[in-house]
Every structure is written in C-alpha cells, then in structure tokens.
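Residue numbers (this note's numbering): 483 to 798.
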Amino acid sequence: MSRSHRVAVLVLDGAKPLDVGVPAQVFSARPSMPYELRVCGVAAGVVAGGEGLAYQVSSGLETLGWADTVMIPGYRTPAEVDPPAEVVEALRDAHARGARLAAISTGAFALAATGLLDGRRATTHWHYTQALRARYPRIRVDENVLFVDEGSLLSSAGGASALDLCLHLVRRDHGVALSNHVARRLVAAPYRSGGQAQFVPRSVPEPLGELYASTREWALAHLDEPITVADLARHARVSPRTFSRHFVEDTGYTPMQWVLRARVDLARELLESSELPIEQIAAHAGLGTGANLRLHFQRVLGTSPSEYRRTFTRGA
C-alpha cells in the first residue's frame, strides 16, 4: 500500500484564518482521506495571524522537506512586506525536490518571490491583482479566475476559492468520487471551474439561488435523459431566456455547459468505481455514444476515458 500524500500548510505572519482553515479541513487525517497533514511556520511556536488570532505550530520550515504539497495561505500586507528570505529559499528547495506548491489568496506573493511563477499564469485575490502584477511583472496575472493550475505551481483567488483549489487537488490526485465525498462532508459545491469569475457583477435575489439549486438537483437525477434549456427553465418555472441569464450569474456556466460538466463528472465516477464498458457509461451519463464520451473527455480533461480508468486502476 502506498503512503499517504503529505501536505504542509505554511503559516506566515498575518495568516488569514480561512486560508489556513480550509486546507487543514480538506486534507485532515481521517480513514477516508489518503493524506497526512502538518501545519508549520518559519519556526515552531506561536505565529501571529490576521483578525487578532494566533497559531501554535509544532514545526518549522524543515516540514517543507517532508511535504509532497505545500499550501501557502494568504497573509496581511503582502505588497508591503517581503516574505522572509528563509521562506523563499525553503519553497524553492521544496519545488526543486518535486513538491507541489499551491498559494491561496495573497500567499501568491510569497510564491512569486521565489521566481518560480515568472512566465506563468497565476492569480490572487482581486483586490491585490494589480499589486501582484506591478511587483512581479514577469507573471501573467489573471484576475478573472478562481484558481490557476500550472502543474506543480497553483494559485487561487482567496476566500471561498481556497476550497475550490483544494477540491481540485483532491480531484487531480484521487478522482471525482473522493472530491465529491469531501465536498459533501464540508457541505460545499462539488465543482466550480477554475475559470469561473471571482465575483458576479450584481447580486442574485435570494429566492433564485434556492430555486435554481432545486433545478440543478433535478438535472443531476436525470442526466441519462435528454435535457434542454427549456426543460430546465420549465422546472424552474421561468422563461428559458430568464433562466439562462440568471443561471450564468449564479454559477458561472451556461446551463448546457453545466449539464455537460455534470455528465463528464458522472462518467468519471463510473470509470473510477465500476467495470462498465465505455458505451454503457456514455449512456448512463447522458452522453449517448462512446465516441461522444471520448470527444468530451478529451476536450474537458485532455485525456481519454480508457487512460483515465487505467490511471485510477493503477492508483488503487
């Protein structure tokens, strides 16, 4: 049996509570989770946090040499205060050794200080994107996304998007079934694309969210059937045009983009957990034929259903 994936959460001075708490919750040690978690600082002891909080950490930067993934939570005044030189060096060493580095919110400034993001895409909280761009002009800062995955270097917008990033990592490591399990445990949406906007341009009326959540639940229960925008709008009891407009505002997807993602995710789960042939999986997921499933799998995930299944069979 392979060992658990090791995750270090690096708490810097001024660390934001949500940014620390989300990865600690997602990757917490429990029977269902193939992860081992350690929270560390520059040195063992008390680390002053944001919002008047403090963190007691049991280890220092040596933990980064142990980790397979290093999470870097956001911290206060990132544009004015450089991360300690020993932090920058430890992050570089961890990455050179093969560790994956993932910054949450303003943690992107500490990751940027390593130079590893030069020439790459990255994001941070929308309030700090201009400061990140000005301070590190070689980085291609994208202010309109929830998170960016550059392979071994990842970054997220902060706040609730920390959860999107962490669920994305679980999905990448162990598939959609475990990611959905974690989302259910945390009472969170199982999937929001990294390409979704950081915020919507105007507020959505409160009753709308509840009504459309019910429609999404209905759609998930009928993925093996033909579903049109008209069907969704009929269930939501609004016109197709109104439904489409508000659905994009509420989710970041058009209705049919969302349905396609849901179908691909169902196919992924069936590939991971069953031995059903590709044609049957395509039918169960509402994708029609094996050829159609292969087409959408390649477009969405950049791989084939067969290779995806082999990957998770090897990982079993």
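All C-beta atoms in this analysis are idealised placements derived from N, C-alpha and C, irrespective of residue type, glycine included. Keep in mind that this is a model prediction, so the values were computed, not measured.
- Within the same chain, Cβ atoms closer than 6 Å to the Cβ of TYR610 are found at THR588, the five residues on either side in sequence being excluded.
- The Cβ atoms of VAL630 and THR605 lie closer than 8 Å to each other.
- Secondary structure of GLU761 (DSSP, three-state): helix.
- Counting only the Cα atoms, HIS766 lies some 23 Å from ALA715.
- For LEU500 against ALA644, the beta-carbon gap comes to about 7 Å, under 8 Å, which counts as contact.
- Pairing PRO708 with ASP646, the inter-Cα distance amounts to about 29 Å.
- C-alpha of LEU651 to C-alpha of ALA578: approximately 20 Å in a straight line.
- Distance between LEU614 and GLU761, taken at the CA atoms: about 47 Å.
- Judged by DSSP secondary structure, THR611 falls within the alpha helix (DSSP H) whose first and last residues are 611-617.
- With a 10 Å radius around the Cβ and a threshold of 16 neighbouring Cβ atoms, GLY531 comes out buried.
- Taking all protein chains in view, the Cβ of VAL489 is crowded by 16 or more other Cβ atoms within 10 Å, so the residue is classified as buried.
- Non-local C-beta neighbours of TYR618 in its own chain, meaning closer than 6 Å and more than five positions away in sequence, comprise ALA594, ordered along the chain.
- Membership of GLY527 in the beta strand (DSSP E) is indicated by the continuous run 527-530.
- In this structure, the CA atom of ALA584 is about 12 Å from the CA atom of PHE591.
- The shortest C-alpha to C-alpha distance from LEU702 to any of ARG654, GLY542, PRO505 and PRO737 is the one to PRO737.
- Around the C-beta of VAL746, 16 or more other C-beta atoms lie within 10 Å, and the residue is accordingly described as buried.
- Annotation: GLU571 is outside any beta strand (DSSP E); the continuous alpha helix (DSSP H) that includes it extends over 567-579.
- Beta-bridge partners of CYS648 (DSSP): none assigned.
- DSSP, reduced to helix, strand and coil, places HIS487 within a strand of the structure shown.
- Closest by C-alpha distance to ARG485, out of TYR537, VAL524, GLY523 and TRP548, is TRP548.
- Excluding sequence positions up to five before and after ASN774, its CB lies within less than 7 Å of the CB of ALA764, all in the same chain and listed in chain order.
- Apart from the 5 residues on each side of it in sequence, LEU598 sits with its Cβ closer than 8 Å to the Cβ of LEU573, ARG574, HIS577, LEU583 and LEU635 in its chain, given in chain order.
- The beta carbons of PHE509 and LEU519 sit about 5 Å from each other, so the pair counts as a contact at 8 Å.
- In this chain, the beta strand (DSSP E) harbouring MET553 covers 551-554.
- If you check the CB distance, HIS656 and PRO565 do not come in under 8 Å.
- By the Cβ-count criterion, ALA718 is buried, with 16 or more other Cβ atoms from all chains shown falling within 10 Å of its own Cβ.
- Sequence-distant partners of GLY601 (beyond 5 residues in either direction) whose C-beta falls short of 7 Å from its own C-beta, in its chain, are ARG620.
- Looking at the DSSP output, ILE586 shares a beta bridge with SER638.
- Burial of LEU543 is indicated by the presence of at least 16 other C-beta atoms within 10 angstroms of its C-beta.
- When secondary structure is reduced to three states using DSSP, GLU518 falls in the strand class.
- For GLY640, the closest of VAL502, ARG622 and GLN612 by C-alpha to C-alpha distance is VAL502.
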